[in-house]
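Worksheet: one structure, shown below.
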Amino acid sequence: EEIRSAAVSLVIDTQVADLEWHISGIHEDKYINTVTPEISGTSEPNSKITVFVNGIEKAAAYTTAGGHWGVILPTLGNDGNYVLTFKVEDIAGNVKEFGPQEITLDTVIAPLTVTLREVDDSGKLGDWITNKSHVNIDGTAEAGSTLTIKTQGGVVVTTFEVGSDGHWSAELDLSNGNNIFVVESVDKAGNSQQKE
Numbered sequence: 001e002e003i004r005s006a007a008v009s010l011v012i013d014t015q016v017a018d019l020e021w022h023i024s025g026i027h028e029d030k031y032i033n034t035v036t037p038e039i040s041g042t043s044e045p046n047s048k049i050t051v052f053v054n055g056i057e058k059a060a061a062y063t064t065a066g067g068h069w070g071v072i073l074p075t076l077g078n079d080g081n082y083v084l085t086f087k088v089e090d091i092a093g094n095v096k097e098f099g100p101q102e103i104t105l106d107t108v109i110a111p112l113t114v115t116l117r118e119v120d121d122s123g124k125l126g127d128w129i130t131n132k133s134h135v136n137i138d139g140t141a142e143a144g145s146t147l148t149i150k151t152q153g154g155v156v157v158t159t160f161e162v163g164s165d166g167h168w169s170a171e172l173d174l175s176n177g178n179n180i181f182v183v184e185s186v187d188k189a190g191n192s193q194q195k196e
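Take the sequence shown: its position 57, counting from 1, is numbered 57 in full-length UniProt numbering, and each next residue is one higher.
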């Protein structure tokens, strides 16, 4: 009697590949300004990626055959600090955790104010009419935000970081006639305010 046997291929997998992730719209110092951030990245193909926010499971996705994955987190909540952690489970059942990733949600920027310094306002106070060709403007903005002053044509006149007290000032050279400048403040999360 002839006995036949079939070849069996057994794959031993005891490790999980590294996880890479990127948070869409993340800014300097890990600030974001959206309450539903999108996270994407790569890991071992056909693995389950689970995302936790402050230790609570919030989203999950499976990597593609190419190892790519992505999720959109449900609404985070109020502005403040959050900690993200990740769990990867591959098709062999191996599990590995990654993180933490700290982020700061900031959806609001402090009001921007702009005034012509009183000593340079030679017309009626507050009418923005002056007989001077070199003036100072003052105002308030969010502390630590980047303030940029441009001409109406988009040429940058000056840019600087607003001090810790939220007050700022700048010098402008004027030409005869109507001078239009655009003042914009942008905070660390990318929120912005603009005035002309």
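Glycine included, each C-beta is placed from N, C-alpha and C at the ideal position.
| Is it right to say P37 is buried, meaning 16 or more other beta carbons lie within 10 angstroms of its own, or is it exposed? | buried
| task | Determine the burial state of L125: buried for a count of at least 16 other Cβ atoms within 10 Å of its Cβ, exposed for fewer. | result | Looking at its Cβ environment, which holds fewer than 16 other Cβ atoms inside 10 Å, L125 is exposed.
| Can you tell which of T63, Y82, S47, G177 has the C-alpha that lies nearest to the C-alpha of N33? | Measuring C-alpha to C-alpha distances from N33 to each of T63, Y82, S47, G177 identifies Y82 as the nearest.
| request: Would you decide whether T63 is buried or exposed? Buried here means 16 or more other CB atoms lie within 10 Å of its CB. | output: buried
| query | Looking at L105 and L73, is the spacing between their C-beta atoms short of 8 angstroms? | reply | no
| request: Report yes or no: do the segment 87-101 and the segment 43-54 share at least 3 C-beta pairs separated by less than 8 angstroms? | output: yes
| task | Determine the contact status of I39 and G70, defining contact as a CB-CB distance below 8 angstroms. | result | yes
| Run through DSSP, which three-state label would K30 get? | helix
| task | Could you tell me whether the segment 130-138 touches the segment 171-189, using the rule of 3 or more Cβ pairs below 8 angstroms? | result | Counting Cβ pairs under 8 angstroms, three or more are found: they touch.
| request: Inspect the beta-carbon positions of A143 and D165 and report whether they are closer than 8 angstroms. | output: With contacts defined by Cβ atoms closer than 8 angstroms, A143 and D165 form a contacting pair.
| query | If you draw a straight line from the C-alpha of G153 to the C-alpha of N176, how long is it? | reply | 17 angstroms
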